[in-house]
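S.K.: Below is a structure I'd like to ask you about.
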């Protein structure tokens, strides 16, 4: 399964996560993730990937749920826990928080995936982002800094 969509961000970030993995953030402030320490805790736990893009604007995302062995040259790979299979990929300003969760009215897409762990290979060239998501044994990351693509 694969697709493509465009989105606009005024927080210069794209996020990818299973809604169940961030349920504990529903009642947190809407911009809880703007605190670098909080963002890094969730990314390293595999609860969410915040892909910092460097600037606000319009982006096109090509995504693929493909386990056929396709590798992306020069891709950065991050790991993600998917406990429920209900996964949001879209502008980070729509991330769970402020008693809200993303839905069909938000930019981005809601993906239905098998619960499990995934490796996410990410590349960016100009305003084009490519994400290939494959099953993985690993669910956590061990980053010292925020993801910047």
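Residue numbers (the working numbering): -17 to 131.
Glycine residues also receive a C-beta, built at the ideal position from the N, C-alpha and C atoms.
Remember, predicted model here, so these are calculated numbers, not experimental data.
1. Which value, in whole angstroms, describes the spacing of the CA atoms of residue -17 and residue 45?
2. Please find out if some non-hydrogen atom of the ligand SAM comes closer than 7 Å to the beta-carbon of residue 127.
3. Tell me the rounded alpha-carbon separation between residue 111 and residue 9.
4. In chain order, what residues of the same chain lie with their CB nearer than 7 Å to the CB of residue 124, ignoring the 5 residues before and after it?
5. Since residue 15 sits in a beta bridge, which residues does DSSP pair it with?
6. Could you tell me how far apart the beta carbons of residue 69 and residue -13 are, in whole angstroms, since I believe they sit closer than 8 Å?
7. Using alpha carbons as the reference points, say which of 6, 35, 122 and 17 lies closest to residue 72.
8. Taking the beta strand (DSSP E) that residue 73 falls in, what are its first and last residues?
9. Quick one: what does DSSP say residue 91 is sitting in, helix, strand or coil?
10. Does the structure place the segment 103 to 110 close enough to the segment 74 to 94 that three or more beta carbon pairs sit under 8 Å?
11. Does the Cβ of residue 119 have 16 or more other Cβ atoms within 10 Å, making it buried, or fewer, making it exposed?
12. Taking the straight line between their C-alpha atoms, what separation do you get for residue 5 and residue 14?
13. Quick one: what's residue -12 bridged to in DSSP?
14. CB-CB under 7 Å to residue 20, same chain, minus the five flanking residues each way: which ones, in chain order?
15. Out of 40, 79 and 28, which has the shortest C-alpha to C-alpha gap to residue -6?
M.R.: This is what the structure holds:
1. Looking up residue -17 in the chain shown gives position 1. Looking up residue 45 in the chain shown gives position 63. Taking the straight line joining both Cα atoms gives about 9 Å.
2. Ligands in the displayed structure: none, and consequently the ligand SAM is not present.
3. Working through the chain shown from its first residue, we reach residue 111 at position 129. Working through the chain shown from its first residue, we reach residue 9 at position 27. Distance between the alpha carbons of residue 111 and residue 9: 30 Å.
4. Taking the chain shown and counting its residues from 1, one reaches residue 124 at position 142. Same-chain partners within the cutoff: 26.
5. For this step, residue 15 is matched to residue 33 along the chain shown. Partner(s): none; residue 15 has no beta bridge.
6. Along the chain shown, read from residue 1 onward, the residue named residue 69 stands at position 87. Along the chain shown, read from residue 1 onward, the residue named residue -13 stands at position 5. Incorrect: roughly 14 Å between the Cβ atoms, too far for contact.
7. The count along the chain shown starts at 1 and reaches residue 72 at position 90. Comparing Cα-Cα distances from residue 72 to each of 6, 35, 122 and 17, the minimum goes to 35.
8. The residue you call residue 73 lines up with position 91 of the chain shown. First-last of the beta strand (DSSP E) with residue 73: 68 to 73.
9. Taking the chain shown and counting its residues from 1, the one referred to as residue 91 is at position 109. Note: residue 91 maps to strand in three-state DSSP.
10. no
11. Against the chain shown, residue 119 aligns to sequence position 137. Counting Cβ neighbours within 10 Å, residue 119 comes out exposed, since fewer than 16 surround it.
12. Reading the chain shown from its first residue, position 23 is the one you call residue 5. Reading the chain shown from its first residue, position 32 is the one you call residue 14. When rounded, the distance between both Cα atoms is 13 Å.
13. Mapped onto the chain shown, residue -12 falls at position 6. DSSP, once it has assigned bridges, lists 42 as partnering residue -12.
14. On the chain shown, residue 20 is found 38 positions in, with the first residue counted as 1. Excluding sequence neighbours, residue 20 sits near 14.
15. Counting from 1 along the chain shown, the entry for residue -6 is found at position 12. Minimum Cα distance to residue -6 is reached at 40.
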